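What follows is a set of notes on a single structure, which appears directly below.
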Amino acid sequence: MNKRILAVLLVLVVAASGCINTHRIEDTRVSMNTDVTITVMHPDVSEADRAIGRAFAEVYRIEHLMSCTEEGSEVTRLNNNGSLPNASSDLRYVVTKSVGYSELTGGSFDITVLPVINLWKDRMRAGSPPTDDEINETLELVNYENITIRNSSISFSQGSMGLTLGGIAKGYAIDRAIEVLKEHHIKHALVNAGGDIRAIGSKTEDEPWNVALRNPKNRTEYITVLNLCDMSVATSGNYERYFSEEARASHIVDPKTGYATDELLSATIIAESATDADALATAVFVLGEVDGMELIERLDRVEGLIITRDRRILRSSGFEEFEDRGMS
């Protein structure tokens with residue numbers, strides 16, 4: 000979905016630990032075109048360092064599988080050849096999950112939108128937007144129903160298709176990093192990949208992890224502060240990256256129209272997994288205010304906050320349960 004989630008939107012607020020004999024260990028590295036920070040609260044510094052290193056290795060592994068720009072990645076080979084025998088279980092899982100979200104949203108989330116995204120990028124680099132005819136012709140290549148997953152293979156039933164996992168892979172990488180941390184006896188941690196965040200356990204014995212949701216139009220202010228414990232949060236927004244500054248268009252393309260969506264400034268989703276939060280933030284941003292909030296309200300253990308283009312802030316019915324009233 001080529002979604003780019005702004006690192007400035009969700010800012011990790013980590014205070015010094017109040018737990019006796021517990022250390023705060025943190026490392027930041029670059030992956031998936033963004034800063035990835037892993038923060039661990041643990042009594043054994045060496046054990047925590049080893050766990051963080053293994054978690055980063057897992058993030059890199061997922062990136063190398065699912066990048067649509069890296070030569071030799073599974074996604075690149077699938078896009079180039081139209082089929083991929085012996086696809087990894089990770090890719091099969093993420094593609095299957097993506098198709099499920101396409102079905103749930105009536106195609107507002109669709110990983111086969113890559114040809115339209117590439118069309119926009121190519122035309123804007125050349126100095127003018129694509130024509131309606133070019134967009135309509137390219138839209139014929141966008142249809143998640145033309146993805147076939149059979150046994151260990153993934154294939155397209157139409158030529159010239161291509162998929163991008165930019166709207167879900169980052170969340171999946173975070174979930175995998177969390178699982179690796181758990182396997183290495185880490186019970187309290189937070190992984191932040193450019194604004195996609197998942198927390199397990201708590202920051203201290205008495206405090207959850209705090210995440211500040213920044214004002215998309217004023218980075219010195221925040222909308223609210225979230226308390227996270229064994230939950231994830233992700234935000235999609237249209238106010239930083241563009242095909243070109245002249246276009247001033249959203250980087251998130253509606254897969255059904257081929258045009259950038261601009262009804263919302265941002266959509267923030269809280270869910271149990273980062274994979275779900277990532278995909279749903281993209282889907283809700285494309286769906287817009289009414290349909291997006293309706294989707295949030297009918298999903299269990301999912302909450303959301305929407306900021307409309309005219310600066311209205313809308314919360315789902317259970318969003319306030321995650322807000323820190325002492326800090327917001």
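Numbering (numbering that gives the first Met the number 0), first residue to last: 0 to 327.
Just so you know, even glycine gets a beta-carbon here, dropped at the ideal spot from N, CA and C.
What you are looking at is a predicted structure, and each value in this text was computed from that prediction instead of being measured.
*Taking C-beta to C-beta, are residue 54 and residue 180 nearer than 7 Å?*
yes
*Identify, in the order they occur along the chain, each residue of the same chain with its Cβ nearer than 8 Å to the Cβ of residue 42, setting aside the five sequence neighbours on each side.*
20, 21 and 22
_From 114, 121, 123 and 125, residue whose alpha carbon lies closest to that of residue 328_ = Outside the displayed span of the chain (0 to 327) sits residue 328, for which this structure offers no information.
*Does the separation of the CB atoms of residue 195 and residue 168 fall below 7 Å?*
no
_Endpoints, alpha helix (DSSP H) assigned at residue 45_ = 44-65
*What runs of the alpha helix (DSSP H), each 4 residues or longer, lie entirely inside the region 283-327?*
288-296
*Beta-bridge partners of residue 230, as assigned by DSSP*: 198
_Nearest residue (CA-CA) to residue 34, options 204, 201 and 193_ = 193
_For residue 236, the residue or residues it bridges with in DSSP_ = 265
*In whole angstroms, what separates the C-alpha of residue 255 from that of residue 109?*
9 Å
*Name, in chain order, the residues that DSSP records as bridge partners for residue 221.*
213
*What did DSSP end up calling residue 204 once you bin it into helix, strand or coil?*
coil
*residue 102 to residue 224, Cα distance in whole Å?*
32 Å
*Would you say the region 152-160 touches the region 78-85, given that touching needs at least three Cβ pairs under 8 Å?*
yes
*asked:* Assuming contact is defined by CB atoms lying nearer than 7 Å, are residue 226 and residue 321 in contact in what I supplied?
replied: yes
*asked:* As a quick exercise: from 74, 112, 65 and 97, pick the residue whose alpha carbon is nearest that of residue 257.
replied: 112
*With a cut-off of 8 Å on the beta carbons, I'd call residue 185 and residue 47 a contact; round off their distance for me.*
7 Å
*Starting from the N-terminal side, write out each stretch of the beta strand (DSSP E) that is 3 residues or longer and does not extend beyond the region 148-193.*
152-155 and 188-192
*Do residue 39 and residue 188 have their CB atoms nearer than 7 Å?*
yes
_residue 130, enclosing alpha helix (DSSP H) - first and last residue_ = Per DSSP, residue 130 belongs to no alpha helix (DSSP H) and is neither H nor E.
*asked:* Among the candidates 228, 222, 221 and 125, whose CA atom is the shortest distance from the CA of residue 204?
replied: 228
*With a threshold of 16 other CB atoms inside 10 Å of the CB of residue 277, please say whether the residue is buried or exposed.*
buried
_Sequence-distant residues of its chain with Cβ nearer than 8 Å to residue 310 (five each side left out)_ = 216 and 264
*From 306, 60, 201 and 140, pick the residue whose C-alpha is nearest to that of residue 172; which is it?*
60
*Unbroken beta strand (DSSP E) run spanning residue 26, endpoints*: 22-30
*Measure the C-alpha to C-alpha separation of residue 304 and residue 288 and round it to an integer number of angstroms.*
10 Å
_Spatial neighbours of residue 91 within its chain, please: C-beta separation below 8 Å, excluding the five flanking residues on both sides._
148, 151 and 153
*For residue 56, does the count of other Cβ atoms within 10 angstroms reach 16, so buried, or fall short, so exposed?*
exposed
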